[in-house]
Amino acid sequence: MRAWSQLWLLLLAAAASPAQQRPADLAADLRRWSAVVEEGKPFDPNLLPEAWSVGSPDALYSISTAPLKAHLQSGSKDHRAVRAWLELLAASLDDSNPVQWDPSAAEKLSRILARPEFRPPAPPSNWDLWWRALGRSIQAILDRLFAFTGSHPSSIQVFLWVLLIGSSGFLVYLLMRSWRHEQRTGPLSPGRLPELSLNSGAWVAAAHSARRQGDIARSIQCCYWAGVTHLQAAGTLPPHFAHTPREYLRLLSGKHELRAALGVLCTRLEHCWYARATPDDQDLASCLVALKELGCSVD
9 MRAWSQLWLL LLAAAASPAQ QRPADLAADL RRWSAVVEEG KPFDPNLLPE AWSVGSPDAL
69 YSISTAPLKA HLQSGSKDHR AVRAWLELLA ASLDDSNPVQ WDPSAAEKLS RILARPEFRP
129 PAPPSNWDLW WRALGRSIQA ILDRLFAFTG SHPSSIQVFL WVLLIGSSGF LVYLLMRSWR
189 HEQRTGPLSP GRLPELSLNS GAWVAAAHSA RRQGDIARSI QCCYWAGVTH LQAAGTLPPH
249 FAHTPREYLR LLSGKHELRA ALGVLCTRLE HCWYARATPD DQDLASCLVA LKELGCSVD
């Protein structure tokens with residue numbers, strides 16, 4: 009039995025000769041050496057080669073057998089260190105085995121890179137280039153301004169005062185504009201208007217009365233209602249006041265002449281009533297002409 013053990017060890021030593029081995033084969037040999045060390049079988053360290061030679065597709069590597077020889081020559085019963093070294097070498101050789109190449113890997117990679125998140129950014133549009141040029145121009149102006157104020161310290165105070173006065177003036181302008189806008193002709197009070205049940209003649213009379221009082225906006229509104237009530241009396245429009253001016257116009261889509269005349273009244277009403285613009289005598293005159301075109305008496 010002892011002879012067979014010696015023969016097995018000699019064969020193992022022969023397998024561990026300096027001839028080049030594959031990583032997987034050498035890893036198996038290292039694990040067999042770890043088992044030999046663990047069992048404590050007698051073996052002549054001089055039969056080991058100076059180094060194990062292992063080859064890979066890229067290069068040829070040499071691993072020294074000195075640690076194993078030193079342990080076997082020492083006769084130590086503590087095999088933990090040398091077994092850990094052998095196991096570490098075997099694991100490293102296992103990790104060095106070539107990875108199997110997937111023939112479809114290139115196609116998969118191409119599909120991944122074709123996704124929107126991996127596409128290169130699109131070139132800037134003309135709008136983007138314009139904004140960049142504007143930003144560079146503003147930056148250049150600010151750079152020159154700050155360079156000038158840096159070289160002239162007193163100019164900083166002048167600049168701040170100008171900025172303060174300009175901001176205050178702009179704020180006052182906005183307040184005055186808002187105040188003047190509120191002072192313009194606002195919505196007419198319902199109590200000042202004639203009853204909606206009046207006919208077109210009563211609306212025309214109300215328009216002339218408002219004109220004599222200098223209230224052109226109210227006169228234009230009365231002209232609009234005179235035109236609406238006249239068309240309602242003729243059966244052209246429905247006999248109620250639930251529609252807006254533009255809805256009344258859409259109801260006259262097939263009657264171009266009537267639609268054009270009522271369109272003038274709607275436009276003048278919106279101009280002075282909703283946009284709060286100040287009307288003049290010419291606006292009122294155009295409304296009276298539109299009433300005549302609708303067949304309504306304006307005398």
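When you line the sequence shown up against the numbering used here, it's residues 9 to 307, in that order. Just so it is clear, CB atoms sit at the ideal spot from N, CA and C, and this is done for glycine as well.
(request) Apply the 10 Å Cβ neighbour rule to residue 79 and answer buried if 16 or more other Cβ atoms are within range, or exposed otherwise. (result) Counting every other CB atom within 10 Å of its CB across the protein chains shown gives residue 79 a total of 16 or more, marking it as buried.
(message) Count Cβ pairs between the region 26–42 and the region 55–62 that sit closer than 8 Å; are there 3 or more?
(response) Taking a cut-off of 8 Å on C-beta distances, the region 26–42 touches the region 55–62, as three or more cross pairs fall below it.
(message) Can you tell me whether residue 290 is helix, strand or coil according to DSSP?
(response) Correct three-state label for residue 290: helix.
(request) Could you tell me the boundaries of the beta strand (DSSP E) in which residue 60 lies? (result) 59–63 is the span of the beta strand (DSSP E), which, as asked, contains residue 60.
(request) Determine the direct distance from the alpha carbon of residue 57 to that of residue 69, and round the result to whole angstroms. (result) Each residue's Cα considered, the two are about 14 Å apart.
(message) Just verifying my parser: in three-state terms, what is the DSSP assignment at residue 29?
(response) Collapsing the DSSP output to three states places residue 29 in a strand.
(message) Which residues does DSSP list as the beta-bridge partners of residue 72?
(response) Residue 72 pairs with 59.
(request) Would you kindly work out how many angstroms separate the C-alpha atoms of residue 227 and residue 150, rounded to a whole number? (result) Residue 227 and residue 150 have their C-alpha atoms spaced approximately 55 Å apart.
(request) Could you spell out the range, first to last residue, of the alpha helix (DSSP H) harbouring residue 116? (result) Per DSSP, residue 116 belongs to the alpha helix (DSSP H) from 113–121.
(request) Return the chain-ordered list of same chain residues with a C-beta closer than 7 Å to the C-beta of residue 201, the five sequence neighbours on each side being excluded. (result) Confidence at residue 201 is low in this model, with a pLDDT of 45, below 50, so its placement is unreliable and no value can be given for it.
(request) Decide if residue 286 is buried, meaning its Cβ has at least 16 other Cβ atoms within 10 Å, or exposed. (result) Of the residues assessed, residue 286 falls on the exposed side of the cut-off, its CB having fewer than 16 other CB atoms within 10 angstroms.
(message) Would residue 91 and residue 45 qualify as a contact pair, given that the criterion is a beta-carbon distance under 8 Å?
(response) Their beta carbons are under 8 Å apart, which means residue 91 touches residue 45 by this criterion.
(request) Taking only the alpha-carbon atoms, compute the straight-line gap between residue 129 and residue 111 and give it to the nearest angstrom. (result) Taking the Cα positions, residue 129 is about 30 Å away from residue 111.
(message) For residue 306, which residues in the same chain have their Cβ closer than 7 Å to its Cβ, ignoring the five residues on either side in sequence?
(response) Closer than 7 Å at the Cβ level, and outside the excluded window around residue 306, lie 212, 296, 299, 300.
(message) Closest to residue 231 by C-alpha separation, out of 40, 293, 126, 148, would be which residue?
(response) Ranking 40, 293, 126, 148 by CA distance to the CA of residue 231 puts 293 first.
(message) Please classify residue 238 as buried or exposed, where buried requires at least 16 other C-beta atoms within 10 Å of its C-beta.
(response) Residue 238 is classed as buried because its beta carbon has at least 16 other beta carbons within 10 Å across all chains shown.
(request) Would you check if the distance between the CB atom of residue 257 and the CB atom of residue 235 is smaller than 8 Å? (result) For residue 257 and residue 235, no; Cβs fall outside 8 Å.
(request) Along the alpha helix (DSSP H) that carries residue 252, what are the first and last residues, could you check? (result) Unbroken run through residue 252: none, as it is neither H nor E.
(request) Evaluate residue 224 with the Cβ neighbour count: other Cβ atoms within 10 Å of its Cβ, from every protein chain shown; 16 or more gives buried, anything less gives exposed. (result) Residue 224 is buried by the Cβ-count criterion.
(request) Using three-state DSSP, classify residue 207 as helix, strand or coil. (result) Coil, per DSSP.
(message) Beta-carbon within less than 8 Å of residue 267's beta-carbon, same chain only, minus the 5 sequence neighbours each way: which residues are those?
(response) So the list reads 257, 260, 261, once near-sequence residues are dropped.
(request) Within the same chain, show all residues whose beta-carbon is closer than 8 Å to that of residue 274, passing over the 5 residues directly before and after it, in chain order. (result) Take residue 274, set aside five residues on each side of it, and the residues of its chain with a beta-carbon closer than 8 Å to its own are 232, 253, 254, 256, 257, in chain order.
(message) For residue 137, report the span of its alpha helix (DSSP H) as first-last.
(response) Going by DSSP, residue 137 is part of the alpha helix (DSSP H) stretching over 134–159.
(message) Let me confirm a value: residue 94 is counted as buried when at least 16 other C-beta atoms fall within 10 Å, else exposed. Which label applies?
(response) By the 10 Å Cβ count, residue 94 comes out buried.
(request) Return yes when the Cβ of residue 98 is within less than 8 Å of the Cβ of residue 43, no when it is not. (result) Between residue 43 and residue 98, the C-beta spacing is not below 8 Å.
(request) State yes or no: is the C-beta of residue 241 within less than 8 Å of the C-beta of residue 207? (result) Residue 241 is a Cβ neighbour of residue 207, given a cutoff of 8 Å.
(message) Which same chain residues end up closer than 7 Å to residue 245 when comparing Cβ atoms and leaving out the 5 residues on each side of it in sequence?
(response) For residue 245, where only same-chain residues beyond five positions count, the Cβ hits under 7 Å are 236, 239, 256, 259.
(message) Taking the alpha-carbon of residue 229 as reference, which of 188, 182, 243, 284 has the nearest alpha-carbon?
(response) Among 188, 182, 243, 284, the Cα nearest to that of residue 229 belongs to 284.
(request) Specify the secondary structure class of residue 36 as computed by DSSP and reduced to three states. (result) In this structure, residue 36 counts as helix in the three-state DSSP scheme.
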